[in-house]
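> Residue numbers (the numbering used here): 3 to 194.
Have a look at this one before I ask anything.
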Amino acid sequence: GRLSRSNITVLITGESGSGKELVARALHRHSPRADKSFIAINTAAIPRDLLESELFGHERGAFTGAQTSRQGRFEQANGGTLFLDEIGDMPAELQTRLLRVLAEGEFYRVGGHTPTRVDVRVIAATHQNLEQRVRDGLFREDLYHRLNVIRIQLPSLNKRREDIPLLTRHFLGQAARELGVESKVLRPETEV
């Protein structure tokens, strides 16, 4: 619909495994940015000390082991969509950097001195109650409002059982592609 054709920031909430990334991919696929990159990053799955470099890239020599300059996910997604999964787990200092990118469209690489401009649609997702995390002082209120322009609340799978076979096929196919093997298929009687 109209939401997918816009560039508005979207916050998707729902339980883990409820299909938040699939919704984000569908929004991207039907957006004006569909021919550009869709970059997904699970902010909870990357160690705190590496997350800043993953998101914003780094310059050569910015830290031990930084032998070359490297683009971060924001640069990789330039012109396209960046899906930030489990945004509720993002450390406070990175919340501040994310807020700046959303507000100003630019950032500095780790160890960098020149701002990098980007045009990225951000779709964020979480299984957590961000309002409660704001009240608890664990999530920036201004970032919450910047992300929560449009909110999609995905019901839990026990309220949409008809989606389970579709999601199962998707996740089996995804796992097979990642492992480089043939996708497994469930017997029809297991899909009811």
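Each residue gets a CB set at the ideal place from its N, CA and C atoms; glycine is no exception.
These figures come from a predicted structure and were not determined experimentally.
For Ile-89, which of helix, strand or coil comes out of DSSP?
Start at 1 with the first residue of the sequence shown, and residue 89 comes out as number 87. Correct three-state label for Ile-89: helix.
> By the 10 Å Cβ neighbour count, where 16 or more other Cβ atoms means buried, how is His-147 classified, buried or exposed?
Reading the sequence shown from its first residue, position 145 is the one you call residue 147. Classification for His-147: exposed.
> Taking the straight line between their C-alpha atoms, what separation do you get for Asp-144 and Arg-119?
Against the sequence shown, residue 144 aligns to sequence position 142. Against the sequence shown, residue 119 aligns to sequence position 117. So the two alpha carbons sit approximately 21 Å from each other.
> If we require 4 or more residues per run, which alpha helix (DSSP H) segments fall completely within the stretch 34–93?
Segments of the alpha helix (DSSP H) lying fully in the stretch 34–93: 50–58, 75–78.
> Measure the C-alpha to C-alpha separation of Ala-42 and Leu-84 and round it to an integer number of angstroms.
To locate residue 42, count along the sequence shown from 1; it is residue 40. To locate residue 84, count along the sequence shown from 1; it is residue 82. Roughly 6 Å separates the two Cα atoms.
> Residue range of the alpha helix (DSSP H) that Leu-149 falls in?
Locating residue 149 in the sequence shown gives position 147, where the first residue counts as 1. Taken as a continuous stretch (DSSP letters only), the alpha helix (DSSP H) holding Leu-149 covers 143–149.
> Inspect the beta-carbon positions of Gly-59 and Arg-72 and report whether they are closer than 9 Å.
What you label residue 59 is simply residue 57 of the sequence shown in a count that begins at 1. What you label residue 72 is simply residue 70 of the sequence shown in a count that begins at 1. Cβ distance < 9 Å, so Gly-59 and Arg-72 count as in contact.
> Considering only C-alpha positions, which residue in the set Arg-123, Ala-46, Lys-22, Gly-107 is nearest to Pro-34?
Residue mapping note: residue 34 aligns to position 32 of the sequence shown, counting from 1. Cα-wise, what sits closest to Pro-34 is Arg-123.
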